[in-house]
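The structure appears below as structure tokens.
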Amino acid sequence: MRPILWAGAAIILIFGALYAWRAVRMAPPAAMAPPAVAVAAVVAAPTEVPVALEAVGSLRAVREVLLAPEVAGRVVAIRFAAGDRVGAGALLVQLYDAPERADRRAAQARADLAGAQLARSRELAPLGAESRDLLQQRQAERDQAVAAVQQLDARIAQKQVRAPFAGELGLRRINLGQYLSPGDAIATLTALDTLYVDFAVPQQNLARLQVGAVVRVTADAWPGRSFAARVTAIEPRIGDDSRNILVQATLANPDRALRPGMYVTAALDLPPQQGALVVPTTAIQTSASGDSVIVVRGANATRQGKADIVAVTTGRRFGNKVVVTSGLKPGDVVVSEGQLRVQPGAELRVTRMATGKGQ
105 MRPILWAGAA IILIFGALYA WRAVRMAPPA AMAPPAVAVA AVVAAPTEVP
155 VALEAVGSLR AVREVLLAPE VAGRVVAIRF AAGDRVGAGA LLVQLYDAPE
205 RADRRAAQAR ADLAGAQLAR SRELAPLGAE SRDLLQQRQA ERDQAVAAVQ
255 QLDARIAQKQ VRAPFAGELG LRRINLGQYL SPGDAIATLT ALDTLYVDFA
305 VPQQNLARLQ VGAVVRVTAD AWPGRSFAAR VTAIEPRIGD DSRNILVQAT
355 LANPDRALRP GMYVTAALDL PPQQGALVVP TTAIQTSASG DSVIVVRGAN
405 ATRQGKADIV AVTTGRRFGN KVVVTSGLKP GDVVVSEGQL RVQPGAELRV
455 TRMATGKGQ
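With the first letter of the sequence shown counted as 1, position 122 gets the number 226 in our numbering; the numbers rise by one all the way through.
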């Protein structure tokens with residue numbers, strides 16, 4: 105009887121083992137945790153941030169004039185071409201002045217005669233050969249004759265158009281033989297060696313402005329190049345409409361690279377901002393709800409942790425960096441690369457680290 109019992113028990117055990125094995129085979133596999141997402145991160149650290157107040161400005165010549173004759177006359181000589189660089193006093197246009205020169209020769213002859221008569225009277229008057237009244241008359245006649253010559257010299261000078269200062273001439277607007285009236289345009293003369301930079305800044309920056317401050321000027325015509333200027337004047341009155349302050353800087357332009365009328369960007373260097381939290385611009389995610397970053401949370405966040413989406417407020421950008429004004433605190437580990445694969449709460453594995461200051 106006992107062998108039969110042992111045989112039955114063995115059969116039961118065998119069938120139980122088969123049933124358990126089959127149940128294990130047919131049970132669904134346990135869900136596997138997704139692998140950690142590899143990301144690059146940066147530690148948000150307080151740093152000193154350079155501050156520059158930027159504004160769009162325009163260039164204006166310190167010295168520029170539209171050349172025109174003072175008197176009417178016919179053009180008999182043009183002594184310049186468009187684009188010429190001329191010195192101060194250079195003769196540019198000659199108007200017909202033959203009558204004035206003839207009058208001057210006659211006036212000079214009268215002045216010479218009056219001078220000779222005066223010299224003779226000065227010799228005879230002390231000897232009593234001529235009266236003192238006649239000497240005074242000779243003196244007056246000589247003075248009047250000299251004044252007549254000077255008057256004709258002035259009239260002849262008005263028939264000439266000369267450069268009032270050294271500069272570069274614009275397009276010629278007259279022709280030989282043309283009759284000009286007073287004020288008719290001949291050409292522009294512009295001194296390009298020194299220019300004004302005119303720009304406006306918001307009124308809240310008034311306390312930061314001061315004469316002598318350095319201004320960095322850039323122009324689209326010269327990418328990668330910066331020109332140095334200095335603030336030389338600040339408008340005492342704030343604009344009624346814009347509430348902006350007009351600022352004028354003076355810029356040396358010895359190579360004539362810049363021209364009046366060009367639009368430029370004027371950057372006014374201000375005292376640096378201390379203790380700002382800075383992250384790479386690649387760390388900022390922008391959506392309809394605003395800007396956000398992914399912060400790695402955990403005891404060893406510089407190596408691994410969980411993803412936490414944090415809303416932030418950003419400030420000024422400079423280079424490849426951006427200032428975060430709210431939402432982060434010093435020491436937060438912020439994802440700078442690989443955000444597209446990250447979901448909220450996902451496990452993260454930091455493969456590369458840097459500080460915000462060093463990025």
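Ideal Cβ positions, reconstructed from N, Cα and C, are used throughout, including at glycine.
- Note on geometry: alpha-carbon atoms of GLN282 and ALA192 lie some 25 Å from one another.
- A Cβ-Cβ distance of about 7 Å is found for the pair VAL335 and LEU313, placing them in contact under the 8 Å criterion.
- Going by beta carbons, GLU168 and PRO364 fall inside the 9 Å limit.
- Under a 10 Å Cβ-count criterion, ASP344 is classified as exposed, with fewer than 16 other Cβ atoms of the shown protein chains found around its own Cβ.
- By the neighbour-count criterion, in which a residue is buried when 16 or more other Cβ atoms sit within 10 angstroms of its Cβ, PRO173 is buried.
- Runs of the alpha helix (DSSP H) lying entirely within the region 307-341 and spanning at least 4 residues: none are present.
- In the structure shown, GLN264 adopts extended strand secondary structure according to DSSP, grouped into three states.
- Collapsing the DSSP output to three states places ARG407 in coil.
- Assignment of beta-bridge partners to PHE422 by DSSP yields LYS425.
- Excluding its 5 nearest sequence neighbours in each direction, ALA361 has C-beta neighbours in its own chain below 7 Å: TRP326, listed in chain order.
- Taking each of GLY232, ALA213, GLN240 in turn and checking the Cα distance to LEU222, the smallest one comes out for GLN240.
- With a cutoff of 9 Å on beta-carbon distance, VAL179 and LEU199 are scored as near each other.
- Annotation for SER225: the continuous alpha helix (DSSP H) segment containing it runs 202-228.
- One thing to note: ASP324 has its Cβ no nearer than 9 Å to the Cβ of ARG164.
- Taking 9 Å as the cut-off, the beta carbon of THR369 is found closer than this to the beta carbon of ALA159.
- Excluding sequence positions up to five before and after GLN408, its CB lies within less than 8 Å of the CB of ALA140, VAL400, GLY402, GLU451, LEU452, ARG453, VAL454, all in the same chain and listed in chain order.
- Residue pairing for ARG164: DSSP places it in a beta bridge opposite TYR300.
- Short of 8 Å from the beta carbon of ALA337, and not among the five residues preceding or following it, lie these beta carbons of its own chain, in chain order: VAL315, VAL351, GLN352.
- Under the three-state reduction of DSSP, ASP395 is assigned to strand.
- Listed in chain order, the non-local C-beta contacts of THR385 below 6 Å within the same chain comprise ASN424, VAL426, local neighbours out to five positions each way being set aside.
- Taking the Cα positions, ILE182 is about 23 Å away from ARG208.
- Among the bridge pairs identified by DSSP, ASP412 is matched with VAL399.
- Sixteen is the threshold: when 16 or more other Cβ atoms of the shown chains lie within 10 Å of the Cβ of LYS263, as they do, the residue is buried.
- Annotation for PRO286: ALA172, PRO173, GLU174, VAL175, ALA176 place their beta carbon closer than 8 Å to its own, counting only its chain and skipping 5 residues before and after.
- The residue from ASP297, PRO340, PRO434, PHE331 with its alpha-carbon nearest to that of VAL190 is ASP297.
- Under the three-state reduction of DSSP, GLN443 is assigned to helix.
- Counting of Cβ neighbours within 10 angstroms places THR406 among the exposed residues, the total staying below 16.
- With contacts defined as CB atoms closer than 9 Å, VAL155 and LEU374 qualify as a contacting pair.
- Beta-carbon to beta-carbon, GLN307 and ARG276 are separated by about 45 Å, too far to satisfy the 8 Å threshold.
- Each residue's CA atom was taken as its position, placing THR429 and ALA144 some 22 Å apart.
- Remark: C-beta atoms of ALA295 and GLU272 approach each other more closely than 9 Å.
- Comparing alpha carbon positions, the residue from SER162, ALA211, VAL147 closest to LEU355 is SER162.
- Excluding residues up to 5 positions away in sequence, VAL153, VAL155 lie with their Cβ nearer than 6 Å to the Cβ of GLN377 in the same chain.
- Going by DSSP, ILE182 is part of the beta strand (DSSP E) stretching over 177-182.
- Residue environment for VAL319: buried (at least 16 other C-beta atoms within 10 angstroms of its C-beta).
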